[in-house]
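As structure tokens, the structure follows; a few thoughts come after it.
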Amino acid sequence: MRKDIKASVGKRLGRIEGQVRGLSKMVEEDRYCIDIVTQISAVRAALRRVEEEVLKDHVAHCVEHAIASGDKVDQREKIAELMAVIGRAER
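In my numbering, the protein residues as written are 250 to 340.
Right, dumping it as structure tokens:
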């Protein structure tokens, strides 16, 4: 992973970690259920953005490298990995 992406993802995950701790506190404090669910949705959306950023970097680095290498086996493996992870993400 490129250093700038790694730093960006790390910051985002730190914020998400704080959001999850906040959710735990909301539950402990018996906050209104809809407020908790709203925050859960926000955490999911934030995780999706991190996932997109990591996948974009993977395509720009790993998949691009496999394509440029001309190695058909490596190309097939990278594409298969990508399709598998996209398939899992849609479940």
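Just so it is clear, CB atoms sit at the ideal spot from N, CA and C, and this is done for glycine as well.
To which residues of the same chain is His310 closer than 8 Å at the C-beta, ignoring the five residues directly before and after it? Met250, Arg251
Length of the line joining the Cα atoms of Lys260 and Lys305: The C-alpha of Lys305 is placed about 17 Å away from the C-alpha of Lys260.
Would you mind stating whether Ile285 and Val276 have Cβ atoms separated by less than 8 Å? Yes, the Cβ-Cβ distance between Ile285 and Val276 is below 8 Å.
Output yes or no for whether 8 Å exceeds the beta carbon distance between Val299 and Leu272. no
Contact check, Ile254 vs Glu313, beta carbons under 8 Å: no
Do Gln268 and Ala294 have their beta-carbon atoms positioned less than 8 Å apart in this structure? For the pair Ala294 and Gln268, the CB atoms are not nearer than the 8 Å cut-off.
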